[in-house]
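Participant: Following this message is one structure expressed as structure tokens.
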Amino acid sequence: MTITEANPGYKGYKYVGTRLIRPDGLEKVTGKARFAADLNLAGQLHGAVVRSPHAHARIVSIDTSRAEAMPGVKSVITGDDFPSVDPGHRQYDMCVNIIARDKVFYEGHAVAAVAASTLEQARAAAAAVEVEYEALQAVLTIDEAMADDAPVLHSHMLTRGAEPPAEAPSNVASVTRFSGGDLEAGFAEADFVVEREFSTKPVHQGYIEPHACVADTGQDGHTTIWCSSQGHFNVRSSTATLLGWENTRIKVVPAEIGGGFGGKTTIYLEPLAAALSSQAGRPVKMVMTRSEVFRATGPAPCAKIRVKFGARSDGAIVAADAHLIYSNGAYQGAGGMLGAMTVFESYKIPNFAVEALDVVVNTARSAAYRAPAAPLTAFATETVLDEIAEELGIDAMDLRLKNAVKEGDPSTMGFPLARVGFAECLEAIRSHPHFSAPLGPNQGRGLAAGYWFNIGESSSAIVNLNEDGTATVVTGSPDIGGSRASMALMAAEELGIDPHDIRPVVGDTEAVGFTDITEGSRATFATGRAVVEACRNMVIELRGRAATMMEAEVGDIDWVDGHAVYTGDGDSEGKEPLSLAVIAGKAKRTGGPLTATGSLEAHGAGPSFTVHLCDVEVDPETGVVSIVRYTAAQDAGTAIHPSYVEGQIQGGVAQGVGWALNEEYIYDSDGVMENPGFLDYRVPVASDLPMIDAVIVEVPNPAHPYGVRGVGEAGIVPPIPAVANAIHSATGCRIRDLPMSPVRVLEAITAAGARANGG
Amino acid sequence: MAVRVHLSSNLRGPTGGVAEIEGSGANVGALIGDLERQYPGLGDALRSGVSVVIDGLLIAHPQYYRLADGAQVFFVPQSAGG
Amino acid sequence: MTRVHVTCTINGDPAEFLCDGGQTLLDALRDEVGLTGVKEGCGTGDCGACSVMMDGRLLCSCLVLAAEAEGSDVSTVEGMASGDELHPLQQCFLEGAALQCGICTPGFLVAAEALLERNPDPTETEVRYALAGNLCRCTGYDKIVRSVMAAARSINAGAGSGH
Amino acid sequence: MRYESPTTVAEAVELLGSEPHARVYAGATDLIPQIRSGRPEPTVMVDLKHIDRLCAITSTAAGFTVGAAAPTADICADGALAAEFPGLVEASGLIGSDQIQNRSSWGGNLANASPAADTPPSLVANCARAVIAGPDGERTVLAAEVATGPGRTSLTPGEFIVEFELDRPPARTADAYLRLTPRTEMDIAVVGAAVRISLDAQGRVADAAVALGAVAPTVVRVADAEAALIGREPAGDALAAVEAAAAAAADPIDDKRGTVAYRRQVAGVLARRAVATAAERAAEPQRGDRP
């Protein structure tokens, strides 16, 4: 189902908006696609990582002699094999996260690595590396981190943004404050004020492909790394930083990526593999086990959130105050900052204040996860809005429509919003049959909205025309959700040739210009713009070649539907339209190969709004929640490939539902993760979900030639509050702590029953 | 170029809480230099981790972005994504 | 270390490989035979990415010792298409956009094929439960389930017209 | 590590007795992950799945004999078994995914001695017997006597379960199994409840077995629930009594999968529901026709 705003250009598109079979699909359904762990090089060694059994400890000594003497072992490295890094360095956290130096900060923290002829030998040698630790008290929760007598993880950590400036180190990495209007006056104006607290647990991105790479250092020191990442240029620079190498000493070749969701925007193994390969003079392959993925790679931050809203009896939100504390794991992170930027962003609130803290604890360093921080702030805001609607007797949809931000309204950060499609998404849900469908016994319905700002950043593209009239489009964006298909469609639209005649590929760091990470829902927006620019440059070239062939002036040649068309006033004899294929076939005779580039820093990423509607059924005796119906409307700007827009929405919903109901990191009292596997870290399985009706709303982004807004992230924002509001609708219970597992839901139902009986 | 500068509320320390100020510069880098002269400390605050929004366009790395006379420049924290 | 010599049939062809006694069928298929379409997502039988058929049974190859394959008939995603012609499931996955990153796709295809052999006309619920052993983190399963049902229809229509 | 696939029980006994670190290899759905996670590797894996007796499902006049290594997928596909023991077959169908079902077995599920295993409560409720082979020959014990604690069994070194014997149930008898998991599939029971009910001609409970899983180190028979049912209609107060008795009999722990309070409360709920389902099934007309 697609709802399109009146947009004169849209209907004119020939290829944009069609459901092309993805160009990389055939390899993926036949098992031929090469993911990172699928590459094997001749003479390759296997690496294994020595990981800390302690959540917090000082490394007293590391003795690698026994490991080095073991059969098959070619290289053993520790933090001492890498250049020292200053805490003030921009990438300090990443560097010491990849291999610990003086201290370990979480169970699973890498302290050494081994390369040996076989994986079994490498693992055996890793087990033989003797590390002496002085165990320190582990700080596992936000409350523990902020206690007055809390052990300080990082002696250099002074709270950024503190007023007055912090003088003593603490576990609070930063403070962010936003405000607008007059909070006190706003609350004074309110007829109803509600204040609530929320808490969540760390969750993992849960990509099915574990991190993997192969590094091969040649005799000249030049190193090639094949790996799965969301950004191979970032892998190159990060690896170089850690090793103290020049960037250009490394080439990174992107393998197919088996899911990332933000978790593969940072790196873990590549510098270790490069260092081992450099020492051993052999290629080194490293693949994480699932347990390593859970214990040592990026969970999303967890948070404690307190929000206070004031509303007038007519439903206008007049004041809001939020206090957010995000735990980012062992190093500073941006959870709180991003939470502060999203908590009130969906609604026009004249008087507001946000204070957000980012704290560190002895758990794995958090990484980005799809709309980082926003699902948690939405959990708070959207469930409290539901309560306000209930209290004031206003329909939850009407309350949101009344307060929804629109073009020109000030963002939390002050600037006026460009054209956004929030109201359109709300209306799309209101007019959907789901909105008024009857509910069965023990069922409830929840509504929630979400917002994500999306980013632009740098992208590069190259278009090469082949002599048969087909095109190769090379970009630097790893394809994490079908972006090659959308690149082919945009290029086809620009060049006027069939998208099947376009082969989109992801180039390595030496084959295409610098391109930032595929993150922030930016690939189709920013890299798409680079492709469009490259194609437009190609069309200029094609017109010139056609002018040569027609003996005409280039200004008299237009590009129409894949053909150079003479439009001049002169004699049109011998100036019949020339197809791209004909021009490409004669390229040698008209000036040489046809190639064009597009490189840009993409400004104007447009935010994506989304509104979800969820029906649940709750077993009142066991607390088990079943998702029985789900509809999600999201503003895609323009859907270049509707199937993959729907896929992004549906995937976001599934992840959000998992986060809402059952996903959580469980630690024992020493900070050891108790559920580092897919059996007890419960991502939703097929039978846990219904069909997810994805409604694409299209309010074009003026900053993109086809109106694209990124769609990758916003979909994960509303599910948690949508589920929470649906559980309330079914049971009367408000649950404000994640996950809303059967245990927690039954506790709430039982407590409510006791209150009812007692009263 | 004389422009109107809007600071997101987390960036107003050096201005003593003032949200809207005047500045000038041919591009955003020059503007930041001018603002630093007016409000010591503000330059540092605006040089890292900060994006601007001009005419509705979010610009992540704005140093050389050219300013038109009378432009409205909003300094905001840099966003990220997953 | 003495390696075990295994003789079996893989995707219809006679095959031989050497493996260690403790090596799993997953590792042997990937590292000894070169069938890297079989993926490891967890190594504990919880994600289904390594699904293969062995003697007519759908298995997680990470939970099977390679030595056990002696004399058996193994099939993987690499054997699904016949020549140039994709299996209807593969075709429907492509047309239905049932894959995003694609790492889970081989396991889903093999498991779905096993399902349709057992139950040629499954309901949505039957598809969801039959594929519950295969994790997908990208798609929310919607398009996978639809594509499996579309493939069932396509196969049944083909069977009807052919006879 | 060596892999052996004997074809007779005697050969398997011989192989298991030949080396101290020999291990039984059946479905291996727990064994292989354990080895991968660093547990010591056995020196020899003795695959029992090539022994016909261990994989056979046989119906006799007296009842059923089910090989200890018969895949639960085969058990679920056996219509005759499902007709007589619907609950036990349901429990068998809940272990992991279809992929796991092609490997998992009653023998493995019981000998693994996980308190949360799905089939042991139903085996206990149906008074299944386990035939065990070992260096001293074969012996037969109640399935209830095999697991003695988490990961511990009464099997002595070199012994393994060959098959299970189930007596054909009397008339108007049926069983049921319910379990609670946060996910619909691919999960470990937080609580499991198996019930077998025999009704008399008047629809009152003549015999009852109520067994709980995942709420104690081993399967718990809830004698008070059984007593509360005998002689009464399986409804109303009797069901309430079952719920209370099951909750009281549960002796669970707090762990990553659930809390003590939750497991107690839900043990009662599931026991009550399982009694209702088993009784409904027992009252089905076709079950009254039996001799």
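Protein chains in written order, with the numbering used here: chain A, 18 to 776; chain B, 29 to 110; chain C, 567 to 729; chain D, 115 to 405.
Quick reminder that beta carbons are idealized off the backbone N, C-alpha and C, glycines included.
None of the values given here were measured: they were computed from a predicted structure.
1. Name the residues in the stretch 74-103 of chain B whose C-beta lies less than 7 Å from a C-beta of chain A; which are they?
2. Buried or exposed for His-729 of chain C, please, with buried defined as at least 16 other CB atoms from any protein chain shown within 10 angstroms of its CB.
3. So, with DSSP's three-state summary, where would you put Leu-37 of chain A?
4. Can you say whether Glu-590 of chain A is buried or exposed, counting buried as having 16 or more other CB atoms within 10 angstroms of its CB?
5. Can you tell which of A:Phe-52, A:Ala-132, A:Tyr-109 has its C-alpha closest to the C-alpha of Ala-84 of chain A?
6. For a cutoff of 7 Å on Cβ pairs, would you count Arg-253 of chain A as touching chain B?
7. Excluding sequence positions up to five away, which residues of its chain have a Cβ less than 8 Å from the Cβ of Arg-386 of chain D?
8. Pop quiz: Leu-697 of chain C and Ala-716 of chain C are said to be a contact at Cβ under 8 Å. What is the actual Cβ separation, rounded to whole angstroms?
9. On the premise that Leu-675 of chain C lies in contact with Leu-655 of chain C, defined as a C-beta separation below 8 Å, what is that separation, rounded to the nearest angstrom?
10. For chain D, is any of its Cβ atoms less than 7 Å away from the one on Ile-683 of chain A?
11. Can you tell me which of D:Ala-140, D:Gly-327, D:Ala-375, D:Val-383 puts its alpha carbon nearest to the alpha carbon of Leu-168 of chain D?
12. Tell me which same chain residues have a C-beta within less than 7 Å of the C-beta of Pro-759 of chain A, skipping the five on either side of it?
13. Once DSSP output is grouped into helix, strand and coil, what is the label at Thr-373 of chain D?
14. On the CB-based measure, 16 or more other CB atoms within 10 Å of its CB, does Pro-25 of chain A come out buried or exposed?
15. Would Thr-233 of chain D pass as a contact of Ile-165 of chain D if the rule is Cβ separation under 7 Å?
16. Considering only the beta carbon of each residue, do Pro-367 of chain A and Tyr-343 of chain A sit closer than 7 Å?
17. Terminal residues of the continuous beta strand (DSSP E) containing Pro-271 of chain A?
18. Taking the alpha-carbon positions, what's the Ile-666 of chain A to Ala-650 of chain A distance?
19. Along the stretch 630-663 of chain C, what residues have a CB closer than 9 Å to any CB found in chain D?
20. Identify whether Ala-390 of chain D lies in helix, strand or coil by the three-state DSSP scheme.
21. Under 9 Å, CB to CB, which of the residues in the stretch 285-311 of chain D have a partner in chain A?
22. I want to know whether the stretch 392-408 of chain A touches the stretch 423-440 of chain A - three or more CB-CB distances under 8 Å.
23. Measure from the C-beta of Ala-108 of chain B to each C-beta in chain A and report whether the shortest distance is under 7 Å.
24. Quick check: what's the CA-CA separation for Val-522 of chain A versus Arg-501 of chain A?
25. Are the CB atoms of Glu-398 of chain D and Pro-283 of chain D nearer to each other than 7 Å?
26. Would you say Gly-668 of chain C faces chain A, with C-beta separation under 7 Å as the test?
27. Cα-Cα, which of A:Val-529, A:Val-549, A:Gly-537, A:Val-740 is closest to Glu-6 of chain A?
28. Count the other CB atoms within 10 Å of the CB of Gly-457 of chain A; is the residue buried (16 or more) or exposed (fewer)?
29. Compare the C-beta of Asn-679 of chain A with all C-beta atoms of chain D and state if any pair is closer than 7 Å.
30. Give the residues of chain A in contact with Asn-55 of chain B, contact being defined as C-beta atoms less than 7 Å apart.
31. Find the nearest neighbour of Leu-74 of chain B within the set B:Ala-108, B:Ala-96, B:Gln-91, judged by alpha-carbon distance.
32. Runs of 4 residues minimum, wholly inside the stretch 600-670 of chain C: which ones carry the alpha helix (DSSP H) assignment?
33. With the cut-off set at 7 Å, would you say Gly-611 of chain C and Leu-629 of chain C are in Cβ contact?
34. Excluding sequence positions up to five away, which residues of its chain have a Cβ less than 7 Å from the Cβ of Thr-532 of chain A?
35. Taking all protein chains shown into account, decide if Asn-264 of chain A is buried (16 or more other Cβ within 10 angstroms of its Cβ) or exposed.
36. Check the DSSP bridge columns for Ala-328 of chain A and list the partner residues they point to.
Facilitator: Reading from the atomic positions:
1. Val-81, Gly-84, Leu-85, Leu-86, Ile-87, Ala-88, His-89, Phe-102
2. Because the pLDDT at His-729 of chain C is just 43, under 50, the model does not fix this residue reliably, and the value given afterwards should be weighed accordingly. Answer is exposed; the Cβ neighbour count stays below 16.
3. The answer is coil: DSSP assigns Leu-37 of chain A none of H, G, I, E or B.
4. Exposed is the call here.
5. Out of A:Phe-52, A:Ala-132, A:Tyr-109, A:Ala-132 has the C-alpha closest to the C-alpha of Ala-84 of chain A.
6. No, its Cβ sits nowhere closer than 7 Å to a Cβ of chain B.
7. Excluding sequence positions up to five before and after Arg-386 of chain D, its CB lies within less than 8 Å of the CB of Leu-353, Ala-354, Val-356, Glu-357, Ala-360, all in the same chain and listed in chain order.
8. That pair is no contact at about 14 Å.
9. 5 Å
10. yes
11. D:Ala-140
12. Thr-639, Gly-640, Val-641
13. coil
14. The predicted position of Pro-25 of chain A is uncertain, since its pLDDT is 37 and thus under 50; a value taken from the coordinates is nonetheless stated next. In the assembly as shown, Pro-25 of chain A is an exposed residue. Its beta-carbon has fewer than 16 other beta-carbons within 10 Å.
15. no
16. no
17. 267-271
18. 8 Å
19. Val-630, Leu-631, Ala-632, Ala-633, Glu-634, Glu-636
20. helix
21. Of all residues in the stretch 285-311 of chain D, Leu-294, Thr-295, Pro-296, Arg-297, Thr-298, Glu-299, Met-300, Asp-301, Ile-302, Val-304, Val-305 have a Cβ within less than 9 Å of some Cβ in chain A.
22. no
23. Yes, Ala-108 of chain B lies at the interface with chain A (some Cβ there is under 7 Å from its Cβ).
24. 7 Å
25. no
26. So yes, Gly-668 of chain C belongs to the interface.
27. Absent from the structure is residue 6 of chain A, since the part of chain A shown begins at 18 and ends at 776.
28. exposed
29. yes
30. The contacting residues do not exist; Asn-55 of chain B stays about 14 Å from chain A at best.
31. B:Gln-91
32. 654-661
33. yes
34. Phe-250, Ser-475, Ser-476, Ser-477, Thr-492, Gly-493, Ser-494, Thr-544
35. exposed
36. Note: Ala-328 of chain A is bridge-paired with A:Phe-209, A:Ile-334 in the DSSP secondary-structure output.
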